[in-house]
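Asker: If you're matching positions, the sequence shown starts at 1 in the UniProt record's numbering and goes up one per residue. In this text, a Cβ means the ideal position worked out from N, Cα and C, and glycines have one as well. All values derive from a computational prediction rather than experimental measurement. Questions regarding the structure given below will be posed in turn.
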Amino acid sequence: MGVDNGRAIPSLIKNSQNGKFDAVIHIGDIGYNLYAYNGRIGDAFMNAIQPFAAIVPYMVIPGNHEYTCYDDKCPGDNGMSYETRFKMPQNTNNMYYTFTLGPALFVAINTEVYFEIEMSDLEVSQQQKKWLRQVLREANLPENRARHPWIIVYGHRPLYCTALAECREGMTFFKREGNGTVGSLYDIDDILYEFGVDLAFWGHQHYYERMFPVYNQTAYRNSMYENAFVNPRATVHIVSGTGGMESKTEEFNPTPALWSAFRSSAYGYTRFSVLNKTHLYLEQIDVDRRFDEYYITQIGHKKHTIA
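As C-alpha cells, this is what we get:
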C-alpha cells in the first residue's frame, strides 16, 4: 500500500476513527519506496496514514521494496528508511518481533532474509529461525498457550499463492527455496506446522487469496464448508496484497491449487476479530464492502498433527 493508488487508506482512517480497529498490520512494501525522491515519498505516506496510525498501533514488517526500488527514481537504501521511521517491539531493528493482543500472540518475521541481496546472509536467516523456534516453543508451554491460544504469524512473501506472475511451478520453487544459500521458506512451513500456528498472513502478491489449512502443499479439509474451518490440522494461510499499489492487480493461474479456497483481485484489506479463545472471524473488505468471510474454530489449541 503506497501513496499512489492507496485505495485502503480512506477506509482505514474512517474505521480507526470510529473505534473499529485495535491495530493495523502492514505486511511489507510500505509506501512503495519510502526513500524515493530523497525521502519525500516516505514523508507523503506517513502524512497520509497519520489519521489512523496516530490512533491505533501501526505494526509493520519489511518487504522487498524496503530494500530495492526497482526504478531509476531512487537507489536502494538497504532498509535504512524503514528502520529509522518505525519502532517495533523488541530490539531487532524492526526485522522480527512479537506482541500479544487479547487471546492472540502475533509473530512477525522478515522473509527478505531469503531473497534480497542486502539481507541474504546465512547468519541472519539462521538467527531469525532460531528466534522463531524459541518464541513458538515458549508459546506452546501449557500456561502460555492457555493465555494466548491463537498464534498468528505474518511476513511479506507468501509460502502459498496461485498468481501467474510468481506462483508458477518454477517460481514457486524459488519463492519457497529462496536463493539457495541461506535456508528457505520451506523451513518456515515446517516450523508453522510443528508448533501449531493457527493463521499466517502474507503480502507481496497483488491480490487476495485464502487457503484451506495446508502443509507441505497438501490441503487438510475436515469440514464440508468452505467458509468455516473447524479444528484445522494445519495452518490457514492468507495472501492480502491489494491495499493499493502502483502496479495493477495480478492475474491468477486459471487452474487453482487444491489448497486454494477463495481468490479475488479486488482492492481491499483483511479484517479479523479474535472473538474468544476458540473462535476467529475474518472478512475481506473491498473498501467498505465485505466480499469474503469465514470462521476458524479451534477447540483445544495444540501442535498440529496429521492422522
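Restricting to Cα atoms, I'd like to know which of L282, D286, R289 is closest to T297.
Answerer: L282
Asker: May I ask which residues mark the beginning and end of the beta strand (DSSP E) holding R210?
Answerer: 208-211
Asker: So, using beta-carbon positions, are I109 and G155 closer together than 8 Å?
Answerer: yes
Asker: Quick one, are the C-beta atoms of F229 and A219 less than 8 Å apart?
Answerer: no
Asker: May I have the straight-line CA-CA distance separating Y37 from N78, to the nearest angstrom?
Answerer: Each residue's alpha carbon lies about 15 Å from the other.
Asker: Where does L132 fall in DSSP's three states?
Answerer: Of the three classes helix, strand and coil, the one that applies to L132 here is helix, per DSSP.
Asker: Just the C-alpha distance for G244 and E123, rounded to the nearest angstrom, thanks.
Answerer: 34 Å
Asker: Given that a residue counts as buried once 16 or more other Cβ atoms are within 10 Å of its Cβ, and exposed if not, what is D29?
Answerer: buried
Asker: Could you compute how far the alpha carbon of R289 sits from the alpha carbon of Q50?
Answerer: 23 Å
Asker: Measuring straight from C-alpha to C-alpha, what distance separates A165 and H204?
Answerer: 11 Å
Asker: Less than 8 Å between CB atoms is the rule here; does W202 satisfy it with respect to chain B?
Answerer: Here there is only one protein chain, and chain B is not present.
Asker: Assign R157 to buried or exposed, taking buried as 16 or more other Cβ atoms, counted over all protein chains shown, within 10 Å of its Cβ.
Answerer: buried
Asker: What did DSSP end up calling Y114 once you bin it into helix, strand or coil?
Answerer: helix
Asker: Report buried or exposed for F291, applying the criterion of at least 16 other Cβ atoms within 10 angstroms of its Cβ.
Answerer: exposed
Asker: So what does DSSP say about F173, is it helix, strand or coil?
Answerer: Here F173 scores only 47 on pLDDT, less than 50, and its place in the model should not be relied on; the value that follows carries that caveat. Three-state DSSP puts F173 in a helix.
Asker: Taking 7 Å as the limit between beta carbons, can you name the residues of its chain near L34, skipping five residues before and five after?
Answerer: In chain order, I41, G42, F45, S81, Y82, R85 place their CB closer than 7 Å to the CB of L34, counting only its own chain and leaving out the 5 sequence neighbours on each side.
Asker: According to DSSP, simplified to helix, strand and coil, what is Y37?
Answerer: Y37 falls in the helix class under three-state DSSP.
Asker: Please name the residue in C69, Y97, G31, Y208 whose C-alpha comes closest to that of S265.
Answerer: Across the set C69, Y97, G31, Y208, the C-alpha of Y208 shows the shortest separation from the C-alpha of S265.
Asker: Measuring straight from C-alpha to C-alpha, what distance separates F174 and I27?
Answerer: Residue confidence for F174 is low, a pLDDT of 47 falling below 50, so the modelled location carries little weight; the figure read from the coordinates is stated next. When rounded, the separation of the alpha-carbon atoms in F174 and I27 is 20 Å.
Asker: Given D286, which residues of its chain have a CB within under 6 Å of its CB, disregarding the five upstream and five downstream residues?
Answerer: Correct list, in chain order: A266, G268.
Asker: Taking the DSSP output, what are the residues bridged to V230?
Answerer: T297
Asker: With DSSP collapsed to three states, give me the class of G6.
Answerer: coil
Asker: Check each candidate in G19, N15, G63, A23 and name the one with the smallest Cα separation from G2.
Answerer: G63
Asker: Check for me: the alpha helix (DSSP H) holding G84 runs from which residue to which?
Answerer: According to the sequence as given, residue 84 is Thr; it is not Gly. Element bounds for T84: 80-85.
Asker: When the Cα of M95 is compared with those of A8, Y114, P103, which residue comes out closest?
Answerer: For the residues A8, Y114, P103, the minimum Cα distance to M95 belongs to Y114.
Asker: Would DSSP call S265 helix, strand or coil?
Answerer: S265 sits in coil when the DSSP states are folded into three classes, being neither helix nor strand.
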